[in-house]
Amino acid sequence: MLRKNLFMIANISIIINLLTHNLIDAVPAQDPKCQCNLETVWNDIIYIFDSSSATTKNGLNELLGKVQTDLQWLTVKKLSETPTDERYSRVGMIVYATNASVVYPLGSINNDDIDGIMSLPFYNDQGTNLEAAISLAMDQFNNQTIHRTNARQVIVVLATTYRQGDYQDPTEITNSFKENGGILIVYDYIEAHGAVAPELDTIASPGYVCVNTQDPDGSCVNTALCNANCFCPANYLHYGLDANNGVPTRGCYYNVLTQIAFAIAGNRCKQADNGYMAVVQDQAKQTFLNNMIPNNNFWIGLKYDGQRFVWSDPDSTMLDGSVALWDTNQPDFSNPNNQCVDVLTGNGKWAMADCRTGLYSICEAPPCDSVHYCNASLT
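Note that the sequence shown covers residues -29 to -1, 1 to 350 in mature numbering (1 follows the signal peptide of the UniProt record, and there is no 0).
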């Protein structure tokens, strides 16, 4: 009886210690978000310039200067260059009016070449065959010797307007490009006494429209390029998207459907995409994870270290007691081997388990972005 009472007192002491730390010191773990470092953006980008009379020759030169200025912030490499840091962009340029032509193929120019461009062909006719220009851009991307399969395909259209003529409307081809993962940025160029061209907005990816008169510091296009470089690795699910531009805001998730021990699962997550086992901040996040593995128990990245529960995120965040989703009679410290936390099938609640047990698991990883390079193909 004395031994039993001592054990109960010890258990109560541990729980009081946990609650004290959780409620006073702990804050919820943070899911990874995208970072923006322009020098290491690694998109494949084709700039498409409106060379029609609507833009004017002076306007075309201003657009060229705008692109040259933007690209001074990026690291642009040629196909023939093989830098050790793969976080760089490749660039191409196309002009269009009634007809369209590739002036600089994707990957044919670097920063020095771009700075030295004095002008682009000015067609000075009334046609705006944007469909032909985008078709040429897609041909560039579809050339596997030019386009990197792990890099985002980005088209930047710099235009005043487009008119329907004896050519196809660009809506269908731009929709196809976007549906296949491409990002289409529109830079609506308004010269003096001009007006916004709302029809250009309809072809842009959501949240990727820039207007020169509404961009006082000139950062809109480069910010859009950073956002375009933010996406989940192949085979990962996003949890939370930016309502404006659709970039992942709360990390990327992959379910490991092999029954492995807690420590091995953590190693697999780190090895795959510099990730870690999933952390939970609220019931909504837990429900999302439950739906990824609905019919089996699975590990989350929570472990008892002898004093408190700690998440496996890079900051080793302590469990916040306000989001502890324990099952009935949990946490149970009666078995000293039960130090790790799994999610129970059926009710989706937490329980302590032996860390050596083989269970499914869920990895949480930062999105691919200008800082975090991802090798896997996007398709």
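Ideal placement from N, C-alpha and C gives every residue a C-beta, glycine not left out.
Runs of the alpha helix (DSSP H) lying entirely within the region 198 to 275, each at least 4 residues long, are 233 to 244, 254 to 263 in chain order. The secondary-structure analysis by DSSP pairs F280 across a beta bridge with Y275. Here N183 is near Y160, since their CB atoms are less than 7 Å apart. Judged by DSSP secondary structure, M64 falls within the beta strand (DSSP E) whose first and last residues are 61 to 67. By the Cβ neighbour-count rule, T145 is buried, with 16 or more other Cβ atoms within 10 Å of its own.
For I154, the enclosing beta strand (DSSP E) stretches over residues 154 to 159. If the five residues before and after N215 are omitted, its C-beta is found closer than 6 Å to the C-beta atoms of G178, all from its own chain and listed in chain order. For Y275, the closest C-alpha among the options Q252, N113, G217, F304 is that of F304. C345 places its beta carbon 7 Å or farther from that of C197. Taken through DSSP and simplified to helix, strand or coil, Q139 comes out as coil. The continuous alpha helix (DSSP H) containing M109 extends over residues 101 to 113. Classified as buried, A104 has 16 or more neighbouring CB atoms from the shown chains inside 10 Å of its CB. In the DSSP assignment, Q310 falls within the beta strand (DSSP E) that extends over 309 to 314. Per DSSP, Q124 lies in no alpha helix (DSSP H) segment; the continuous beta strand (DSSP E) that holds it begins and ends at 124 to 130. DSSP places S22 outside both helix and strand once states are collapsed to three, so it counts as coil.
Cβ contact annotation for G237 (same chain, cutoff 6 Å, sequence separation greater than five): M248, S283, in chain order. When the beta-carbon positions are compared, A71 and L45 stay at least 7 Å from each other.
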